[in-house]
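Residue numbers 900 to 1017, in my numbering, belong to the letters of the sequence shown in order.
The beta carbon of each residue, even a glycine, is placed where N, CA and C say it ideally should be.
Report on the following structure.
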Amino acid sequence: QVQLVESGGGLVQAGGSLRLSCAASGRTYSTYAMGWFRQPPGKQRERVAAIRWSGDSTSYADSVKGRFTISRDNAKNTVYLQMNNLKPEDTAVYYCAATRGGGVYEYWGQGTQVIVSS
900 QVQLVESGGG LVQAGGSLRL SCAASGRTYS TYAMGWFRQP PGKQRERVAA
950 IRWSGDSTSY ADSVKGRFTI SRDNAKNTVY LQMNNLKPED TAVYYCAATR
1000 GGGVYEYWGQ GTQVIVSS
């Protein structure tokens, strides 16, 4: 069992930065790959970034490449999403999630709201 709690969301002007954190609990957390997802108002949820359990491999949605960076600190049981050069279209509820593989994310946090004003 893994419990996830996101933090760091808020209101920011376009061009600004935010860093989201996802604190995990559970003895096997470090063996899970992690992903950050977002769901804009009235739209479907999409995965924006993912990272392997070891942290040596990451992937990003095209819409955030070059602006967002995912990282993890297994000693602190935390995954981060550094978001730079934010745009109004980045406005969404952001969720972190954990998977043991196969593209199925088993555990989800409650989400944190990000609002980017123009």
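Check: Do the region 1006-1014 and the region 958-967 make contact, defined as three or more Cβ pairs closer than 8 Å?
Finding: no
Checklist line | Identity of the residue in 947, 977, 987 nearest residue 1017 by Cα | finding: Locating residue 1017 in the sequence shown gives position 118, where the first residue counts as 1. That would be 987, whose Cα lies nearest to the Cα of residue 1017.
Check: Would you call the CB atoms of residue 911 and residue 922 closer than 8 Å?
Finding: Counted from its first residue, the sequence shown places residue 911 at position 12. Counted from its first residue, the sequence shown places residue 922 at position 23. No, they are not a contact pair.
Item checked: Euclidean distance between Cα positions of residue 944 and residue 901 -> As a first step, residue 944 is located in the sequence shown; it is residue number 45 there, counting from the start. As a first step, residue 901 is located in the sequence shown; it is residue number 2 there, counting from the start. Roughly 21 Å separates the two Cα atoms.
Next item on the list: Identify which residue in 930, 994, 998, 1015 has its Cα closest to the Cα of residue 974.
Entry: Along the sequence shown, read from residue 1 onward, the residue named residue 974 stands at position 75. Cα-wise, what sits closest to residue 974 is 930.
Notebook entry, point to check: Got a sec: does the ligand PLP put a non-hydrogen atom nearer than 7 Å to the Cβ of residue 969?
Noted result: Absence of the ligand PLP is noted for the structure shown, with no ligands found whatsoever.
Notebook entry, point to check: If we ignore side chains and look at the alpha-carbon of each, how far apart do residue 938 and residue 1012 end up?
Noted result: Counting from 1 along the sequence shown, the entry for residue 938 is found at position 39. Counting from 1 along the sequence shown, the entry for residue 1012 is found at position 113. Using only the alpha carbons, I get a separation of about 10 Å.
Note to self: I need the boundaries of the beta strand (DSSP E) containing residue 920, first residue and last residue.
What the structure shows: For the purposes of this step, residue 920 is taken as residue 21 along the sequence shown, with counting starting at 1. Residues 917-924.
Notebook entry, point to check: Under 8 Å, do residue 996 and residue 936 count as touching if we go by C-beta distance?
Noted result: By 1-based counting over the sequence shown, the position of residue 996 is 97. By 1-based counting over the sequence shown, the position of residue 936 is 37. Cβ atoms of residue 996 and residue 936: closer than 8 Å.
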